[in-house]
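Student:
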Amino acid sequence: MTMDAIDLERYRTTVLSRKKSFWTTLLKQKQLVFMSVPVLLYIILFFYVPTLGWVMAFQNFQPAKGFLHSAWVGLSNFRVLFADADFYRDFRNSICMSSLNLVFSFSTSIVLALLLNEIKNRFFKRAVQTISYLPHFLSWVIVCSLVVSTLSLDGAVNQLLLGLGIIQKPVVWLGQGNYFWGILTSANVWKEVGWNTIIYLAAIAAIDPALYEAAVMDGASRFQKMRYITLPGIKTTFVILLIMSIGWIMQAGFEPQYLLRNGMNIDFAETLDLYIIKYGFQMSNFSLATAAGILMSTINIAMLLTANYIAKKVGEERLI
Amino acid sequence: MKNTLNRTQINDVIFNGFNGIFMLLLIVVMLYPFLNTVAISFNDGLDSVKGGIYLWPRIFSLQSYKAVFFGGAVYHAFFISVARTVIATVLNIFITTMLSYALSRREYILRKFITVIVVLTMYFNAGLIPYYLLYKSLGLRNSFLVYIIPTMISAFNMVVIRTYIRTLPESMVESARIDGAGEFRIFLRIIFPLCKPILATVALFVAVWQWNQWFDTFIYNSGVQNLSTMQYELMKLLTSTTSANSNPSLVGGVGATGATNLVTPISIRSAITVVAAVPMIIVYPFLQNYFVVGLAVGSIKE
Chain E
393 MTMDAIDLER
403 YRTTVLSRKK
413 SFWTTLLKQK
423 QLVFMSVPVL
433 LYIILFFYVP
443 TLGWVMAFQN
453 FQPAKGFLHS
463 AWVGLSNFRV
473 LFADADFYRD
483 FRNSICMSSL
493 NLVFSFSTSI
503 VLALLLNEIK
513 NRFFKRAVQT
523 ISYLPHFLSW
533 VIVCSLVVST
543 LSLDGAVNQL
553 LLGLGIIQKP
563 VVWLGQGNYF
573 WGILTSANVW
583 KEVGWNTIIY
593 LAAIAAIDPA
603 LYEAAVMDGA
613 SRFQKMRYIT
623 LPGIKTTFVI
633 LLIMSIGWIM
643 QAGFEPQYLL
653 RNGMNIDFAE
663 TLDLYIIKYG
673 FQMSNFSLAT
683 AAGILMSTIN
693 IAMLLTANYI
703 AKKVGEERLI
Chain X
4 MKNTLNRTQI
14 NDVIFNGFNG
24 IFMLLLIVVM
34 LYPFLNTVAI
44 SFNDGLDSVK
54 GGIYLWPRIF
64 SLQSYKAVFF
74 GGAVYHAFFI
84 SVARTVIATV
94 LNIFITTMLS
104 YALSRREYIL
114 RKFITVIVVL
124 TMYFNAGLIP
134 YYLLYKSLGL
144 RNSFLVYIIP
154 TMISAFNMVV
164 IRTYIRTLPE
174 SMVESARIDG
184 AGEFRIFLRI
194 IFPLCKPILA
204 TVALFVAVWQ
214 WNQWFDTFIY
224 NSGVQNLSTM
234 QYELMKLLTS
244 TTSANSNPSL
254 VGGVGATGAT
264 NLVTPISIRS
274 AITVVAAVPM
284 IIVYPFLQNY
294 FVVGLAVGSI
304 KE
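Just so you know, the protein sequences line up as chains E and X, in that order.
Mapping of the first sequence onto this note's numbering: residues 393 to 712, in sequence order.
Mapping of the second sequence onto this note's numbering: residues 4 to 305, in sequence order.
(1) Is DSSP giving residue 255 of chain X helix, strand or coil here?
(2) Along chain E, which residues have their Cβ under 7 Å away from the Cβ of residue 55 of chain X?
(3) Please work out which residues of its chain come closer than 6 Å, Cβ to Cβ, to residue 638 of chain E, disregarding the five sequence neighbours upstream and downstream, and give them in chain order.
(4) Using the C-alpha atoms, what's the distance from residue 678 of chain E back to residue 476 of chain E?
(5) Measuring only the C-alpha atoms, how far is residue 201 of chain X from residue 195 of chain X?
(6) Give the DSSP-derived three-state secondary structure of residue 216 of chain X in the structure shown.
(7) Is residue 127 of chain X helix, strand or coil by DSSP?
(8) Contact criterion: CB-CB distance below 9 Å. Does residue 203 of chain X meet it with respect to chain E?
(9) Report the residue from X/214, X/31 and X/290 whose alpha carbon sits nearest the alpha carbon of residue 204 of chain X.
(10) Can you tell me whether residue 514 of chain E is buried or exposed? The criterion is at least 16 other CB atoms within 10 Å of its CB, across all chains shown.
(11) My guess is that residue 445 of chain E and residue 133 of chain X are in contact by the Cβ rule of under 8 Å, so how many angstroms apart are they, rounded?
(12) For residue 220 of chain X, which residues in chain E fall below 8 Å Cβ to Cβ?
(13) What residue from X/106, X/216 and X/175 has the CA that sits closest to residue 3 of chain X's CA?
(14) Assign residue 153 of chain X to one of two classes, buried (16 or more other C-beta atoms within 10 Å of its C-beta) or exposed (fewer than that).
(15) Please state whether the Cβ-Cβ distance between residue 164 of chain X and residue 176 of chain X is less than 9 Å.
(16) Counting only beta-carbon separations shorter than 9 Å, does residue 246 of chain X have a partner in chain E?
(17) Leaving aside the five residues before and after residue 279 of chain X along the sequence, list all residues of the same chain whose C-beta is less than 7 Å from its C-beta, in chain order.
(18) Check residue 308 of chain X in the structure and name its three-state DSSP category.
(19) Any beta-carbon of chain X closer than 9 Å to the one on residue 665 of chain E?
(20) Can you pull the chain E residues whose beta carbon is under 8 Å from the beta carbon of residue 238 of chain X, in chain order?
(21) Whose C-beta lies closer than 7 Å to the C-beta of residue 531 of chain E among residues of the same chain, with five residues either side of it excluded?
(22) If we require 4 or more residues per run, which alpha helix (DSSP H) segments fall completely within the segment 104-163 of chain X?
(23) Under 8 Å by Cβ, that's how I've got residue 71 of chain X and residue 77 of chain X pegged, so tell me the actual separation to the nearest angstrom.
(24) Using a beta-carbon distance below 9 Å, is residue 573 of chain E in contact with chain X?
(25) Across the segment 554-562 of chain E and the segment 489-501 of chain E, are there enough close Cβ pairs to call them in contact, namely three or more that are closer than 8 Å?
(26) Distance check for residue 630 of chain E and residue 148 of chain X, CA to CA, integer angstroms please.
(27) To the nearest whole angstrom, what separates the beta carbons of residue 44 of chain X and residue 243 of chain X, a pair I think is in contact under 8 Å?
(28) Roughly how many whole angstroms lie between the Cα atoms of residue 283 of chain X and residue 623 of chain E?
(29) By DSSP, does residue 203 of chain X sit in helix, in strand, or in coil?
(30) Any chance the segment 425-435 of chain E sits against the segment 101-116 of chain X, with 3 or more Cβ pairs inside 8 Å?
(31) Let me know the secondary structure DSSP gives residue 521 of chain E once reduced to three states.
(32) Would you identify the three-state DSSP class for residue 21 of chain X, choosing helix, strand or coil?
(33) May I ask which residues mark the beginning and end of the alpha helix (DSSP H) holding residue 283 of chain X?
(34) Which residue wins for smallest C-alpha separation from residue 493 of chain E, given the options E/574, E/706, E/451 and E/480?
(35) Quick check on residue 568 of chain E: does DSSP put it in helix, strand or coil?
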């Protein structure tokens, strides 16, 4: 009995003093509080509060009625989504364009990093790098403007192919759906390949030069050094970047697709992002658009966790 | 022995030769589309429609640039673009660095709690429609503030800057504190100036993003011509030519016959493309050293 009373007393004093010390510390650190708590409130308002909007996916949301008075409809928005042929088409376009982009942007940037690493002339190497970064700083609007001119009837691509005798008359590249994925992947690679090499070149620079020296002593060729030293040296970077990209698999982007699509290539150009814009803003069906958005986020997170799990299973570096 | 040495030397020469040629081709592919657009922008509008302009204008003309800078709408949009980029970048850098400093103090009692809340925002996204409804209810539609307010902080940049602050010697902060400096003064006078290298990188990222935005104008401010940006003006021209016909240069020709001056859609689009791209092209090579280092800091796993 007495022991319990003493424990209780001790408990009270420690908890109370801890509470008191929390507030006194906070008061002492009031300048840090002033520097961070307003920003915290801002972040909660601008990043966390909008997630409450997800309830729209389960409502027949009408802006005039608001969240509280709109009718609840359960999963019927998702049912509408799965019955919509456009949804499947856009789902396919998103998956295919982002997979193509994933494969080609990873492979080209690794190859470019390996080749840049072999250039001995520092000035030339730097010039190539600077020029290859350029497109990264241009907006998609500018890049698409360049794509449109390059692919026009008298643009560089048609001129080149005509000159080489590969085609007999100019091709209307943006007027045929089956070229669209290729055009988009090429534009993506053109825009980002230089930028993506930065991180690989940093990883290559971090490799111990003694490994290369030892390999030379053993008579390794240039390609053997690449294959057995450089590539394993950038594997960790590669795996982390890959897992992150897989976590964005549903985000095929919407800017280039929005800017380059037209009536003739729409079947291959419209992605889920454009589907959401179409239903949300052109048809004012906020509920359906939100449902599609939730579906995208869910698939992204599932893919991220799966990729991370597989990386863990096979003993690779992992993100989470 | 001598033979094998020669063979590897020959292989090296061949490899380096091909590698050099490949790099030169890469330079051509990276630069040509842009240089071609520059040439078209300086060429006479009607003449450009005929095609066949490569790296140099055939009939030199400044008509397109006159139309851009004296045409009213685009000229105004240029200043809106500059204003949003400068204001948003300054605010974003100041607020993000201030938060990074507070969260870099190990003794700060709310440090872990706030860090988790901030970092989590990198991994989810409420989606376009919920954001739209929030901004609308906050009165950010049809307002210049929609360019500034929603982008005042970035979690990723916060992590990068905080990582950098942690590499600075703690003794400087301690000695300032012994001298009686408060946290604000330490942040403004000591930490902020020392962060210049990493802030150059982050400011470049923020400014590029701001300058290149057109989607927020499209969604929130498309009804107000006064708030239009450079990129949005270009986007309107681009979509009107691509969706009307698959061959924009021909559309340009048709449009030009009715026009009073010698500006065609293709020449004005080229001129706007150049004007929209030039600020970035001038700035980024000077910051190259910074962003290469900055990306390396950013890739450190937290």
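For every residue, glycine included, the Cβ atom is placed at its ideal position computed from N, Cα and C.
The structure presented is a predicted model; accordingly, all values stated were derived computationally and were not measured.
Tutor: Here's the rundown:
(1) Position 252 of the second sequence, counted from the first residue, corresponds to residue 255 of chain X. Unreliable positioning characterises residue 255 of chain X in this predicted model, as indicated by a pLDDT of 35, which lies under 50. A coordinate reading is not provided.
(2) Sequence index remark: in the second sequence, residue 55 of chain X carries index 52 (1-based). Listed along the chain, the chain E residues whose CB falls inside 7 Å of the CB of residue 55 of chain X are 546.
(3) Here residue 638 of chain E is taken as the residue at index 246 of the first sequence, counted from 1. Closer than 6 Å at the Cβ level, and outside the excluded window around residue 638 of chain E, lie 695 and 699.
(4) As a working mapping, residue 476 of chain E is identified with position 84 in the first sequence. As a working mapping, residue 678 of chain E is identified with position 286 in the first sequence. Going from the Cα of residue 476 of chain E to the Cα of residue 678 of chain E covers about 16 Å.
(5) Along the second sequence, one-based indexing puts residue 201 of chain X at 198. Along the second sequence, one-based indexing puts residue 195 of chain X at 192. One C-alpha to the other measures close to 10 Å.
(6) Numbered from 1 along the second sequence, position 213 holds the residue referred to as residue 216 of chain X. The answer is coil: DSSP assigns residue 216 of chain X none of H, G, I, E or B.
(7) As a position in the second sequence, residue 127 of chain X is number 124, starting the count at 1. Here DSSP, grouped into helix, strand and coil, assigns residue 127 of chain X to coil.
(8) Within the second sequence, numbered from 1, the residue matching residue 203 of chain X stands at position 200. No, residue 203 of chain X lies away from the interface with chain E (no Cβ there is under 9 Å from its Cβ).
(9) Within the second sequence, numbered from 1, the residue matching residue 204 of chain X stands at position 201. Closest option to residue 204 of chain X, Cα to Cα, is X/290.
(10) Walking along the first sequence from the start, residue 514 of chain E turns up at place 122. The residue is exposed, with fewer than 16 neighbouring Cβ atoms inside 10 Å.
(11) In the first sequence, counting from the first residue as 1, residue 445 of chain E sits at position 53. In the second sequence, counting from the first residue as 1, residue 133 of chain X sits at position 130. Under the criterion of beta carbons closer than 8 Å, residue 445 of chain E and residue 133 of chain X qualify as touching, at roughly 3 Å.
(12) Position 217 of the second sequence, counted from the first residue, corresponds to residue 220 of chain X. None at all; the shortest Cβ gap to chain E is about 11 Å.
(13) Nothing in the structure corresponds to residue 3 of chain X, since chain X is present only between 4 and 305.
(14) The residue labelled residue 153 of chain X in the question sits at position 150 within the second sequence. Classification for residue 153 of chain X: buried.
(15) On the second sequence, residue 164 of chain X is found 161 positions in, with the first residue counted as 1. On the second sequence, residue 176 of chain X is found 173 positions in, with the first residue counted as 1. Result no, Cβ atoms of residue 164 of chain X and residue 176 of chain X do not sit closer than 9 Å.
(16) Position 243 of the second sequence, counting from 1, holds the residue named residue 246 of chain X. With a pLDDT of only 48 at residue 246 of chain X, under 50, the local geometry of the prediction cannot be trusted, and the value read off the model is given with reservation. Yes, contact with chain E.
(17) For this step, residue 279 of chain X is matched to residue 276 along the second sequence. Annotation for residue 279 of chain X: 233, 234 and 237 place their beta carbon closer than 7 Å to its own, counting only its chain and skipping 5 residues before and after.
(18) Here chain X has residues from 4 to 305 only, and residue 308 of chain X is not among them.
(19) On the first sequence, residue 665 of chain E is found 273 positions in, with the first residue counted as 1. Yes, because at least one Cβ of chain X sits closer than 9 Å to the Cβ of residue 665 of chain E.
(20) Locating residue 238 of chain X in the second sequence gives position 235, counting from the first residue. In chain order: 533 and 651.
(21) Mapped onto the first sequence, residue 531 of chain E falls at position 139. Taken in chain order, the list of residues that qualify is empty.
(22) 114-123 and 131-140
(23) Locating residue 71 of chain X in the second sequence gives position 68, where the first residue counts as 1. Locating residue 77 of chain X in the second sequence gives position 74, where the first residue counts as 1. That pair is a contact at about 5 Å.
(24) Looking up residue 573 of chain E in the first sequence gives position 181. No, its Cβ sits nowhere closer than 9 Å to a Cβ of chain X.
(25) no
(26) What you label residue 148 of chain X is simply residue 145 of the second sequence in a count that begins at 1. What you label residue 630 of chain E is simply residue 238 of the first sequence in a count that begins at 1. Rounded to whole angstroms, the gap between the alpha carbons of residue 148 of chain X and residue 630 of chain E is 39 Å.
(27) Sequence index remark: in the second sequence, residue 44 of chain X carries index 41 (1-based). Sequence index remark: in the second sequence, residue 243 of chain X carries index 240 (1-based). About 18 Å separates the Cβ atoms of residue 44 of chain X and residue 243 of chain X, ruling out a contact at the 8 Å cut-off.
(28) Taking the first residue of the second sequence as position 1, residue 283 of chain X is located at position 280. Taking the first residue of the first sequence as position 1, residue 623 of chain E is located at position 231. Roughly 33 Å between the two C-alpha positions.
(29) Stepping through the second sequence from its first residue, residue 203 of chain X is reached at position 200. DSSP, read as helix, strand or coil, puts residue 203 of chain X in helix.
(30) The segment 425-435 of chain E makes contact with the segment 101-116 of chain X; the number of CB pairs closer than 8 Å reaches 3 or more.
(31) As a first step, residue 521 of chain E must be located in the first sequence, where it is residue number 129. Three-state result, residue 521 of chain E: helix.
(32) In the second sequence, counting from the first residue as 1, residue 21 of chain X sits at position 18. Three-state DSSP puts residue 21 of chain X in a helix.
(33) As a first step, residue 283 of chain X must be located in the second sequence, where it is residue number 280. It spans 268-286 - the alpha helix (DSSP H) in which residue 283 of chain X sits, taken as one unbroken run.
(34) For this step, residue 493 of chain E is matched to residue 101 along the first sequence. Measuring from the Cα of residue 493 of chain E, the nearest candidate turns out to be E/574.
(35) Within the first sequence, numbered from 1, the residue matching residue 568 of chain E stands at position 176. In the structure shown, residue 568 of chain E sits in coil (DSSP, three-state: anything other than H, G, I, E or B).
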